[in-house]
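K.L.:
So that we are looking at the same thing, I have put the structure below in structure tokens.
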Amino acid sequence: ATGGFGGRPFMKLREILGILRNSYCRTVGAEYMYIEDPAERHWMQEQLENAVPKIERAEQLRILRKLNSAEAFESFLQTKYVGQKRFSLEGGETVIPLLDAVISAAAESSLEEVCIAMPHRGRLNVLANIAGKSYGQIFQEFEGHYAENAVHGSGDVKYHLGTEGVFTAESGATTKVYLAANPSHLEAANPVLEGIVRAKQDKLNVVKAFSILPILLHGDAAFAGQGVVTETLQLSRLRGYRTGGTIHVIVNNQVGFTTSPISARSSRYATDVAKSIQAPVFHVNGDDPEAVVRMARIAFEYRQKFNKDIVIDMLCYRRRGHNEGDEPSYTQPLMYKLIEAKRSTRTLYAEALVGRGDITAQEAEEVAADYQRQLEGVFAAVHNIEPEHDENWSLPEVPAPSQVITAIPEATARTIAALHAAVPENFTVHPRLLPQLQKRVEMLNDGSIDWAMGESLAFGSLLLEGHPIRLAGQDARRGTFSNRHAVVIDQNSGAEWTPLRGLISSDNQFFVIDSLLSEYAAMGFEYGYSVARENALVLWEGQFGDFANGAQTIIDEFISSSLQKWGERSSLILLLPHGYEGQGPDHSSGRIERFLALCAEQNMTVAQPSDSASYFHLLRWHMKNPARRPMIIFTPKSMLRLKAAGTALSQFTSGHFQPVIADSTLTNATRAIFCSGKVYWDLVAEREKLGETSTAIIRLEQFYPFPTEDFAAQVALHPNANLLWVQDEPANQGPWPFIALNSQEALGGRELRRVSRRATASPATGSHHMHEEEQKALLTEAFSR
């Protein structure tokens, strides 16, 4: 008696062992017994241990066609475009029928869309044979001709580009396919794609919340070696980040460039990191395409049933070197002797089908010949032929920042403020927090609206105007400096109250999320979210601005250059707490200089507002301006509660964002100090202490795009003044290197001299006493030059 094992009540022992061997010991291996949920384990066991049904002839032919198209596409490019890099899929062609099976199942299950991110290896093949990019367009790119509307600046190599298309299953069912663009930084696109998928899901209604399927393709060395893989896996079950389960496909060619597995990981399998989130793993031989397709279907069904990640580890090989000009036998001579003698997966499968009598040799040859004819026909149509140009087409202009009225009615401000004091019935607020929330109503009357309230007015007014808002970061709900309190916790029950949710009817309109302790994946996720949800205010906040460099790959490869490389627009805002207050080298600097070094081609906005009203107008300006681009905001720390920096309600109900704020107290000063951020308030306090009446202090609120006209207007107001740039940061850091380079036109030949800390390797001293001495010297020099 089997107890139902194998779908039969009685079996002989040899039959039972045969099923178990077929399930786990031939071309498929499975790991899932570490999963805590018994229901999941039982479901997986049932799927794997039933006798494998014979595959239908129509499906066999589709698998053969997909293998043929994958192999013939690579062979065709190798023949026609000798020496050009393409990072071929040869040896791993079975990934094409694998993806075909998953996306077919998605289409037949009426999923809205499948979104894919993958590295450069095999990308051209996936673009052509899965995502629907035309062969003609790919061949044109090999000829050196790119679609006019696909390039907005520098462009990128063809194996980094993405596309969108419609996939049609054998049954006729369809679904949209999105293949994300990516840099060569392996696995960097993982959190970006998850953010894109979450944004697409948030735009749908709740019933279809998980009807966007994410698929991530990986290499074996990268999956084991890149830390962002682990960070992204950790996102998968978090409320603010989950996407209903991702299907991970590892194209395991058993080598990373020239590095063998023994040097690439300490774990037994490349997939072992996935066990940290209890994701089941299928190990499957890529030379058994029918088994691969079966595992692909089971993986899809698991994702749909349990909304969790699952991993397919497809064992294969890389027929050529890392690229087509590379010689792999220098470092893997034994492996490549085996590979050179090995027949392709398509050949092996075709022989197996003919040998079993499933198809004839003539049918196999016809499938191959038909595809080859298609490629030859397309090649003949584009080879050495200059593509036609639309005479009426011109490169889309990136709108320059313009002045936008961002004020709100007083009644709107009071409505938003009142929400913070409208504590729900039977809800217990912390006794020290309650007065702070109530004070947010009083601030509107006493002219001291602080930073947190200014932000709340910006958020609330944008919500009322229909803009979704998503703010995520380490400790973002409370705020690193106990300043925001966007989400309040009941002291007795632990229940949550989010005051600004009182302005909206849909939960998908406002998120404030405490992120996991990650910068790389967390920032990448928010970047992706901002790409896909165009009308949303999306913000990532660093716990301190110093820690943003943990996500430098996202900043360099996506935020600063995605539009120029791929035509991909983002409006992500980075909030980076920045300020020199004696907290040492790791809690002082958001590295203004690094962001400004990346600025060109109107690629982003970089700003450092000096009070709550300026911050308020900046956030609203960002959403209302037609120039959709990322924005970097260096936010304050001690200034969050600085009474002098409090602003009156009238500054919110009138006006707009000003890139430069003049000193209204005097004109034609003998000394004109230009500065930004917290140091402005230090300078104002020092001026009052000294009784100075001839020094103007002018605030630069926006660094890039550099406001040349506004800056020049302030220079002209003080024709006889010594012009100084004063900053907290060392001379080689902060805004000065950028200001010195970009202010020349505005200065009209006059000299702008620097006052700062001396150039240093580290951003700040670790000694609070030394910090105080440096600050005193800085202020003294500012008023004596």
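Positions 1266 to 2050 (my numbering) are the ones given, in order, by the sequence shown. For every residue, glycine included, the Cβ atom is placed at its ideal position computed from N, Cα and C.
Which residue wins for smallest C-alpha separation from Leu1329, given the options Asp1302, Val1360, Leu1782 and Tyr1299?
P.N.:
Taking only the C-alpha atoms, the option nearest Leu1329 is Val1360.
K.L.:
Whole-angstrom Cβ separation of Gly1807 and Gly1738, contact assumed at under 8 angstroms?
P.N.:
6 angstroms
K.L.:
Around the C-beta of Met1869, are 16 or more other C-beta atoms found within 10 angstroms, so that it is buried, or is it exposed?
P.N.:
buried
K.L.:
Are the Cβ atoms of Phe1790 and Gly1460 separated by less than 8 angstroms?
P.N.:
yes
K.L.:
Taking Cβ to Cβ, would you say Val1442 is nearer than 8 angstroms to Ile1368?
P.N.:
yes
K.L.:
In the structure shown, what three-state DSSP assignment does Thr1973 receive?
P.N.:
Collapsing the DSSP output to three states places Thr1973 in a helix.
K.L.:
Whole angstroms are fine: how far does the CA of Met1560 sit from the CA of Ile1540?
P.N.:
Residue 1540 is actually Lys in this sequence, not Ile. Answer to the nearest angstrom: the Cα atoms are 18 angstroms apart.
K.L.:
So, do the region 1286–1298 and the region 1545–1558 have three or more beta carbon pairs nearer to each other than 8 angstroms?
P.N.:
Yes, the region 1286–1298 touches the region 1545–1558.
K.L.:
Given Asp1485, which residues of its chain have a CB within under 6 angstroms of its CB, disregarding the five upstream and five downstream residues?
P.N.:
Within the same chain, Asp1485 has close Cβ partners Ile1515, Asn1517 and Ala1535.
K.L.:
Suppose you measure from the CA of Gln1668 to the CA of Glu2046; what does that come to, to the nearest Å?
P.N.:
36 angstroms
K.L.:
When burial is assigned at 16 or more other CB atoms within 10 Å of the CB, is Tyr1595 buried or exposed?
P.N.:
exposed
K.L.:
What do you reckon, is the C-beta of Leu1458 under 7 angstroms from a heavy atom of the ligand PLP?
P.N.:
As far as ligands go, the structure on display features none, and thus does not contain the ligand PLP.
K.L.:
Whole angstroms is fine: what's the gap from Phe1362's alpha carbon to Asn1390's?
P.N.:
A small correction: the amino acid at residue 1362 is Pro; Phe does not occupy that position in the sequence shown. If I take the Cα positions, the gap works out to 12 angstroms.
K.L.:
If you run the structure through DSSP and keep just helix, strand and coil, what is Glu1628?
P.N.:
Here Glu1628 sits in helix by DSSP.
K.L.:
Taking one C-beta from the region 1847–1858 and one from the region 2028–2035 each time, how about it: are there three or more such pairs within less than 8 angstroms?
P.N.:
yes
K.L.:
Rounding to the nearest angstrom, what Cα-Cα distance links Tyr1567 and Glu1833 in this structure?
P.N.:
32 angstroms
K.L.:
Between which two residues does the beta strand (DSSP E) containing Tyr1582 stretch?
P.N.:
Bounds of any beta strand (DSSP E) do not take in Tyr1582, whose DSSP letter is neither H nor E.
K.L.:
Leaving aside the five residues before and after Leu1478 along the sequence, list all residues of the same chain whose C-beta is less than 6 angstroms from its C-beta, in chain order.
P.N.:
Ala1371, Leu1376 and Val1379
K.L.:
Express the C-alpha separation of Ala1978 and Lys2054 in angstroms, rounding to a whole number.
P.N.:
There is simply no residue 2054 to check, as the chain begins at 1266 and stops at 2050 in what is shown.
K.L.:
Under the three-state reduction of DSSP, which class applies to Asp1537: helix, strand or coil?
P.N.:
helix
K.L.:
Quick check on the DSSP output: the beta strand (DSSP E) that includes Pro1995 runs from which residue to which?
P.N.:
Unbroken beta strand (DSSP E) run through Pro1995: Asn1987 to Pro1995.
K.L.:
Name the DSSP bridge partner or partners of Pro1479?
P.N.:
Cys1380
K.L.:
Do you know how far the Cα of Ser1959 is from the Cα of Glu2038?
P.N.:
Glu2038 and Ser1959: Cα-Cα distance of roughly 25 angstroms.
K.L.:
Using the C-alpha atoms, what's the distance from Asn1333 back to Ile1577?
P.N.:
Taking the straight line from one Cα to the other gives about 22 angstroms.
K.L.:
To the nearest whole angstrom, what separates the beta carbons of Leu1444 and Leu1392, a pair I think is in contact under 8 angstroms?
P.N.:
6 angstroms
K.L.:
Cβ atoms of Ile1898 and Leu1883: under 8 angstroms apart, would you say?
P.N.:
yes
K.L.:
How far does the alpha helix (DSSP H) with Ile1769 in it reach, from first residue to last?
P.N.:
Per DSSP, Ile1769 belongs to no alpha helix (DSSP H) and is neither H nor E.
K.L.:
Starting from the C-beta of Asn1588, find all residues in its chain whose C-beta is less than 7 angstroms away, skip the five residues before and the five after it, and write them out in chain order.
P.N.:
Lys1350 and Phe1352
K.L.:
Do you know how far the Cα of Arg1386 is from the Cα of Arg1463?
P.N.:
If you take the alpha carbons of Arg1463 and Arg1386, they lie about 26 angstroms apart.
K.L.:
In terms of residue numbering, what span does the alpha helix (DSSP H) encompassing Gly1294 cover?
P.N.:
No alpha helix (DSSP H) contains Gly1294, which is instead part of the beta strand (DSSP E) from Val1293 to Glu1296.
K.L.:
Tell me whether the beta-carbon of Glu1953 lies closer than 8 angstroms to the beta-carbon of Phe2048.
P.N.:
no
K.L.:
Can you list, in chain order, the residues of its chain whose CB lies under 8 angstroms from that of Cys1940, leaving out five sequence neighbours each side?
P.N.:
Leu1948, Ile1962, Ile1963, Arg1964, Leu1965, Trp1990, Val1991 and Gln1992.
K.L.:
For Val1980, which residues from the same chain have a beta carbon less than 8 angstroms from its beta carbon, with the 5 sequence-adjacent residues on both sides left out?
P.N.:
Ala1937, Leu1988, Ala2011, Leu2012, Gly2013 and Arg2015
K.L.:
CB Phe1746 to CB Leu1905, shorter than 8 angstroms?
P.N.:
yes
K.L.:
What does the alpha-carbon distance come out to for the pair Met1383 and Leu1481?
P.N.:
6 angstroms
K.L.:
Does the Cβ-Cβ distance between Val1619 and Ala1629 come in under 8 angstroms?
P.N.:
yes
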